[in-house]
Amino acid sequence: MISVRILILGGTRFVGYTLLERAIRAGWEATSFSRGMSGLPPADVRVVQGDRLNKRDLERLAVAGPWDAVVDTSGFVPRDVLMACEYLRPATAHYVFVSTVSVYRGWPKEPLSESSEVLYCPIDAGPDYGEDVEDGPTKYGYQKSGCELAATSSFGLERCTILRPGVILGPREYIGRLPWWLRRTALGGHVLAPGNPARFIQPIDVRDLADFTLLAISQPLAGTYNITAPQNRDTFGQMLQACVEVTGSAAKLAWIPDEKLVAAGVRQWSQLPLWRTSRGVWQVDSTKAQGYGLSSRRIQDTVADTWEWMKSEEMLLTDQRSAEIGINPDLERWILNQLTGK
Ligand SMILES: NC(=O)c1ccc[n+]([C@@H]2O[C@H](COP(=O)([O-])OP(=O)(O)OC[C@H]3O[C@@H](n4cnc5c(N)ncnc54)[C@H](OP(=O)(O)O)[C@@H]3O)[C@@H](O)[C@H]2O)c1
Numbered sequence: 024m025i026s027v028r029i030l031i032l033g034g035t036r037f038v039g040y041t042l043l044e045r046a047i048r049a050g051w052e053a054t055s056f057s058r059g060m061s062g063l064p065p066a067d068v069r070v071v072q073g074d075r076l077n078k079r080d081l082e083r084l085a086v087a088g089p090w091d092a093v094v095d096t097s098g099f100v101p102r103d104v105l106m107a108c109e110y111l112r113p114a115t116a117h118y119v120f121v122s123t124v125s126v127y128r129g130w131p132k133e134p135l136s137e138s139s140e141v142l143y144c145p146i147d148a149g150p151d152y153g154e155d156v157e158d159g160p161t162k163y164g165y166q167k168s169g170c171e172l173a174a175t176s177s178f179g180l181e182r183c184t185i186l187r188p189g190v191i192l193g194p195r196e197y198i199g200r201l202p203w204w205l206r207r208t209a210l211g212g213h214v215l216a217p218g219n220p221a222r223f224i225q226p227i228d229v230r231d232l233a234d235f236t237l238l239a240i241s242q243p244l245a246g247t248y249n250i251t252a253p254q255n256r257d258t259f260g261q262m263l264q265a266c267v268e269v270t271g272s273a274a275k276l277a278w279i280p281d282e283k284l285v286a287a288g289v290r291q292w293s294q295l296p297l298w299r300t301s302r303g304v305w306q307v308d309s310t311k312a313q314g315y316g317l318s319s320r321r322i323q324d325t326v327a328d329t330w331e332w333m334k335s336e337e338m339l340l341t342d343q344r345s346a347e348i349g350i351n352p353d354l355e356r357w358i359l360n361q362l363t364g365k
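Each residue of the sequence shown is one higher than the last, beginning at 24 in our numbering.
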């Protein structure tokens, strides 16, 4: 077996942690670089502690190499990514940048593929570049686009892989989108279920994203790849039904049409997590990555494993990001009562 040496920039949370777990399982030599503020990486991972914004820390990190590939899961500001690339270029053959579908100008309004127009942001932009537009481009998207450009300018297209995931779910999802639905359905009663149960969704499971990343490194695969579950396969209804089933709850899903929720002023995306009416949200073409081996488990498996993780980590009582994620129980009851009499 050939052992691959990888460095993960940010290996202690969701995506980075999962990448490290799966790299170690594959027999790879894995190093994690983080400040030590967000916990520890998995066992058997070599740790280099430091801040990616600090030049001395990056210098120290570079001499801990070399690596076959660096995976940047924690780059959000172009000039910071550029700096990390400049320090790490002599120490690695390949750079993988974890970006997002938010780099597309048309997200979430239009169907997208890798050839869709991308927001422009200079490679040395600071954190203030870009703007948030209602139901359109975000500062986050502009910034990530500049980060992509920083990585490809520094490493060259041949030595760089850009991954653009849509929503990522699965064990360790700390944003709390799927965990909120699981907690809510576990509580039982009538659950306000948004829109049409037949609406297709395409979240990618974090483990499938990680496996594709390792595949891209081992080939290596340069280029840009959308990373989502296939279009027109899994539905919102399947996701919520799975939440009811795995939690063993007697919850009853009360489906309310989009227009009524919009009229009631329910905040999309966060108040009822993952519910969004824009046409392009779940129309991202990831057939390119699928053609190179991206596989995507069914939403029911993601739901079941996330619930298992929540139970094992005593996540049931924690409600991270509660201010942003989830609808207030009184408002939910009021809407259900007004619209369905339940
Ligand atoms: N969640 C989604 O649905 C989604 C969708 C599309 C794309 N993405 C992308 O996926 C990527 C991974 O997201 P994530 O949620 O797993 O991770 P994250 O929260 O963005 O990254 C956290 C990791 O980076 C480390 N870190 C943060 N600041 C650092 C610094 N200054 N120096 C060194 N290490 C630092 C953290 O450890 P310490 O705090 O200990 O330093 C931690 O290990 C992100 O780039 C995001 O844009 C996410």
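Heads up, the beta-carbon is just placed ideally off N, CA and C, and yes, glycines get one too.
Model, not experiment: these values are computed from the prediction.
Comparing C-alpha distances from E268 to each of L244, S301 and A327 shows the shortest one belongs to A327.
The nearest non-hydrogen atom of ligand 1 is 6 Å or more from the C-beta of M262. For D308, the CB contacts under 6 Å within the same chain, skipping 5 residues up- and downstream, are S136 in chain order. Residue nearest to E109 within the set S177, R83 and V70 is S177 (criterion: CA-CA distance).
Proximity of the beta carbon of S57 to ligand 1 is indicated: a heavy atom of the ligand is located closer than 6 Å.
The beta-carbon separation of P65 and L84, rounded to 19 Å, does not stay under the 8 Å limit for a contact. In the DSSP annotation of this structure, the continuous segment of the alpha helix (DSSP H) that includes K162 starts and ends at K162 to F178. Along the region 191-219, the alpha helix (DSSP H) occurs as fully enclosed runs of 4 or more residues at 200-210, listed in sequence order. By the neighbour-count criterion, in which 16 or more other beta carbons inside 10 Å mark a residue as buried, D353 falls on the exposed side. Between the region 25-36 and the region 50-66, the count of Cβ pairs shorter than 8 Å is three or higher; the stretches touch.
Counting of Cβ neighbours within 10 angstroms places W357 among the exposed residues, the total staying below 16. DSSP places E52 inside the beta strand (DSSP E), whose first and last residues are E52 to S57. For W330, the enclosing alpha helix (DSSP H) begins and ends at I322 to S335.
Rounded to the nearest whole angstrom, the CA to CA distance from R299 to Q291 is 5 Å.
Counting other Cβ atoms within 10 Å of its Cβ, Y165 reaches 16 or more and is therefore classed as buried. Within the region 227-282, the complete beta strand (DSSP E) segments of 3 residues or longer fall at 246-250 and 275-279, listed in chain order.
In this structure, Q242 is the residue among D151, Q242, I250 and T325 with its C-alpha nearest to the C-alpha of H117. The alpha-carbon of W203 is positioned some 7 Å away from that of G349. Pairing R79 with R58, the inter-Cα distance amounts to about 13 Å.
A277 is positioned such that its CB atom lies closer than 7 Å to that of L359. Looking at the DSSP output, C183 sits in a beta bridge with Y118. No heavy atom of ligand 1 is found nearer than 6 Å to the CB of P220.
The distance from the Cβ of I322 to that of Q261 is about 6 Å, consistent with a contact at the 8 Å cut-off. The beta-bridge partner set that DSSP reports for I350 is empty. By the neighbour-count definition (other C-beta atoms within 10 Å, threshold 16), T363 is an exposed residue. By the neighbour-count criterion, in which a residue is buried when 16 or more other Cβ atoms sit within 10 angstroms of its Cβ, K167 is buried. For the 7 Å CB-CB criterion, L237 and P188 do not form a contact.
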